[in-house]
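Structure, as structure tokens:
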Ligand code: FES
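Below, the structure written as structure tokens:
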């Protein structure tokens with residue numbers, strides 16, 4: 001206490017010197033990554049992984065608290081002048097010597113941020129960061145046997161785990177359209193060569209989609225393994241059903257990347273009460289998009305319902321969850337995720 | 001209002017067509033907004049901050065006359081940039097599309113005694129919606145001047161050149177008082193209104209902070225240069241006030257600009273709204289530097305048509321807008337700064353004296369003018 005009092009007094013004085021700006025507005029000009037600044041990072045390199053995936057090396061600001069393997073981070077990138085937030089899994093080990101972290105991004109068709117990061121991002125660019133979060137992580141106590149079940153870019157959080165923690169008995173089943181689409185393929189094969197990993201690649205272009213029942217043959221002891229699964233909703237739904245059927249659902253940990261969007265609902269007039277804007281919304285467009293189109297500053301992150309970076313009080317009216325069709329009605333304290341909610345009649349959003 | 005309506009030759013369809021053509025210009029800019037524009041505003045903000053920092057640094061030694069001169073000039077320019085190209089435009093939401101919370105109309109605060117929240121209401125909402133409508137747009141004469149021959153003359157108006165000059169020197173205070181609707185709200189019954197008092201307190205806080213910064217802290221930091229620094233910041237504020245006042249007078253006061261009756265905007269269509277903005281605003285011609293220092297309010301006509309388009313795009317928009325003026329045979333009021341300033345002041349002087357009563361007058365017109 002004694003040491004902070006004079007410091008905060010000095011800071012107050014500085015604020016008087018810089019009003020109406022803040023001292024940090026000036027400090028940001030010279031040292032945007034300093035301790036105490038809003039958390040940012042600098043892109044230091046972009047390494048291609050496959051034809052449409054790349055690993056971005058980021059030097060985080062001094063305020064970065066570090067991550068646990070399997071977690072993701074929300075990043076804010078300026079694409080065509082517009083700041084867009086997305087969430088990506090961290091793929092670097094947690095103890096990287098140089099303090100850098102990496103995310104690995106797969107360019108999805110029409111994906112503004114992913115295409116920008118994979119194909120256009122330049123070293124030296126500043127990006128915005130949040131502290132890493134997510135509970136798709138390994139437990140404190142090492143399980144004896146592990147199964148990683150992944151598809152496509154669902155491999156990224158698992159790669160963070162593989163690079164971070166060694167297990168005695170690890171099996172991975174990974175699905176990708178073709179061999180050259182397998183992100184981190186050579187590193188995975190090195191692990192196999194070193195006998196640190198048993199790997200089954202399912203190439204869906206030739207083998208077809210993975211039928212979850214085939215696990216019995218691919219990994220006969222799958223039910224005894226602590227399993228981490230990440231990939232498209234279809235795979236995860238099938239896995240959840242399969243594990244539940246066999247009564248071992250507590251062994252399965254999943255991470256969902258994108259919600260299947262159900263187009264229902266009737267829309268209505270949306271009021272953004274803080275900014276005083278009112279616009280008409282249909283029943284299928286996320287309120288996040290509606291607000292952004294109307295020029296309202298909407299916080300966001302993954303834009304797919306997982307990070308809660310977009311939660312906003314619903315003051316009046318009702319919204320529909322685009323993933324489940326569930327209706328949420330306004331009540332004091334009710335927060336909605338604007339990225340997966342659409343107007344179900346007129347509503348009032350506190351932004 | 002001039003005797004003849006300069007838009008009388010346009011049919012209702014033509015006016016709607018004009019509206020559609022203006023919408024198309026707007027859409028084109030919106031579709032092409034991007035990285036370059038974002039880089040522009042970031043660069044301007046960072047340049048402004050550096051200039052202010054350096055100027056204030058130089059003023060620490062303002063006991064030496066060359067330092068005083070350089071520091072004062074730099075600080076004046078920095079303050080003008082803060083208010084004009086940066087503050088005014090950000091507060092219009094011109095840069096909200098970037099989704100950068102640091103450069104957003106809901107978070108920006110400027111070096112001005114009127115808190116941005118209050119200014120946005122009186123300026124963006126009232127002035128821009130009711131541009132030049134007598135009795136609705138208080139920017140017309142700021143409630144202290146007579147700006148149209150139709151307005152009733154009162155001996156009070158004899159002093160308006162003086163009021164206008166004083167207002168120019170302390171313009172930011174004038175704006176703050178105006179945003180507070182001080183005249184109206186100081187009446188006995190309204191003075192106690194809690195909402196008004198809260199707003200007045202907010203202005204008080206901003207004034208205190210600015211005065212403390214400019215007239216106490218920075219002079220104190222300068223030590224032996226206390227008095228010269230004090231004089232320097234005072235001068236910079238004065239220069240900024242005189243400059244912004246001149247630019248803003250040029251926007252709606254010069255001869256040739258139309259004012260409108262309250263009745264005329266009932267049920268106004270989009271095309272008619274656009275037309276009113278076109279006829280109610282005036283530009284300043286000049287170099288790039290000139291446009292920059294006015295915060296691109298030299299493109300007042302374009303700004304009034306499209307208040308939320310990024311200011312750096314007004315110059316290119318102006319070419320197309322001007323072509324529309326020609327096509328529809330309308331007068332595009334513009335001229336170099338000295339000419340426009342002279343014209344505006346001339347009007348202030350002219351209307352300080354009574355004039356012959358305009359001929360046609362309907363009863364409700366009379367009322368509106370009284371209300372104004
Ligand atoms: S943006 Fe991530 S949950 Fe809505």
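Chains as they are written, first to last, in full-length UniProt numbering: chain B, 1 to 351; chain U, 1 to 372. The C-beta atom is built at its ideal place from N, Cα and C for all residues, glycine as well.
Query                                                                                                                                                                                  : Result
Nearest CA to the CA of residue 65 of chain U: which residue from U:266, U:285, U:228 and U:316?                                                                                       : U:228
Flag residue 100 of chain U as yes if its beta-carbon sits less than 8 Å from any beta-carbon of chain B, otherwise no.                                                                : yes
Taking C-alpha atoms, which residue in B:215, B:280, B:142 and B:194 lies nearest to residue 175 of chain B?                                                                           : B:215
Determine the contact status of residue 183 of chain B and residue 155 of chain B, defining contact as a CB-CB distance below 8 Å.                                                     : yes
Residue range of the beta strand (DSSP E) that residue 169 of chain U falls in?                                                                                                        : Run containing residue 169 of chain U: none in the beta strand (DSSP E); it sits in the alpha helix (DSSP H), 160-169.
Taking 7 Å as the cut-off, does the CB of residue 309 of chain B come closer than this to any heavy atom belonging to the ligand FES?                                                  : yes
Taking only beta-carbon positions, decide if residue 110 of chain U is within less than 8 Å of chain B.                                                                                : yes
DSSP state of residue 313 of chain B, grouped into three classes?                                                                                                                      : strand
With DSSP as the reference, please indicate the residues paired to residue 176 of chain B in a beta bridge.                                                                            : B:203
Return helix, strand or coil for residue 109 of chain B, following the three-state DSSP convention.                                                                                    : coil
Following a CB-centred definition, is residue 300 of chain B positioned closer than 7 Å to any heavy atom of the ligand FES?                                                           : yes
Leaving out five residues on either side along the sequence, give the residues of the same chain with a beta carbon under 6 Å from the beta carbon of residue 198 of chain B.          : 171
Under 8 Å by Cβ, that's how I've got residue 15 of chain U and residue 271 of chain U pegged, so tell me the actual separation to the nearest angstrom.                                : 4 Å
Expressed to the nearest angstrom, what Euclidean distance is found between the alpha-carbon atoms of residue 204 of chain U and residue 323 of chain B?                               : 50 Å
By how many angstroms is the C-alpha of residue 309 of chain U removed from the C-alpha of residue 88 of chain B?                                                                      : 33 Å
The ligand FES and residue 319 of chain B: does the residue's C-beta get closer than 7 Å to at least one heavy atom of that ligand?                                                    : no
Tell me the DSSP bridge mates of residue 329 of chain B?                                                                                                                               : B:318
Out of U:78, U:73, U:28 and U:96, which has the shortest C-alpha to C-alpha gap to residue 44 of chain U?                                                                              : U:78
Is residue 113 of chain B close to the ligand FES? I mean its beta-carbon at under 7 Å from any heavy atom of the ligand.                                                              : no
Could you name the residues of chain U that residue 26 of chain B contacts, counting a contact when the two beta carbons are closer than 8 Å?                                          : 49 and 53
Any C-beta of chain B sitting closer than 8 Å to the C-beta of residue 266 of chain U?                                                                                                 : no
Using the Cα positions of residue 236 of chain B and residue 229 of chain B, report the straight-line distance between them to the nearest angstrom.                                   : 7 Å
If we ignore side chains and look at the alpha-carbon of each, how far apart do residue 328 of chain B and residue 311 of chain B end up?                                              : 13 Å
Need the endpoints of the beta strand (DSSP E) that residue 231 of chain B sits in, please.                                                                                            : 226-231
Could you spell out the range, first to last residue, of the beta strand (DSSP E) harbouring residue 352 of chain B?                                                                   : Any property of residue 352 of chain B remains undetermined from this structure, which presents chain B solely from 1 to 351.
For residue 260 of chain B, collect the residues of the same chain with a Cβ closer than 6 Å to its Cβ; drop the 5 residues on either side in sequence, then sort them by chain order. : Any reading at residue 260 of chain B needs caution, since the residue's pLDDT is 40, under 50, leaving its predicted position unreliable; the model's value is listed next. Excluding sequence neighbours, residue 260 of chain B sits near 233.
Helix, strand or coil for residue 113 of chain U per DSSP?                                                                                                                             : coil
Tell me the DSSP secondary structure of residue 332 of chain U in three-state form.                                                                                                    : coil
Determine, using beta carbons only, whether residue 36 of chain B and residue 60 of chain B come nearer to each other than 8 Å.                                                        : no
Any heavy atom of the ligand FES closer than 7 Å to the Cβ of residue 340 of chain B?                                                                                                  : yes
Where do the N-terminal and C-terminal ends of the beta strand (DSSP E) with residue 337 of chain B fall, by residue?                                                                  : 335-337
Compute the Euclidean distance between the alpha carbons of residue 252 of chain U and residue 281 of chain U, then round it to the nearest angstrom.                                  : 5 Å
Please state if the CB of residue 136 of chain B and the CB of residue 253 of chain B are separated by a distance shorter than 8 Å.                                                    : yes
Under the DSSP definition of a beta bridge, which residues are partnered with residue 269 of chain B?                                                                                  : B:280
Please tell me whether, using a cut-off of 7 Å, the distance from the CB of residue 303 of chain B to the nearest non-hydrogen atom of the ligand FES is below it.                     : yes
For a test of your reading of the model: does the CB of residue 131 of chain B fall under 7 Å from any non-hydrogen atom of the ligand FES? Yes or no.                                 : no
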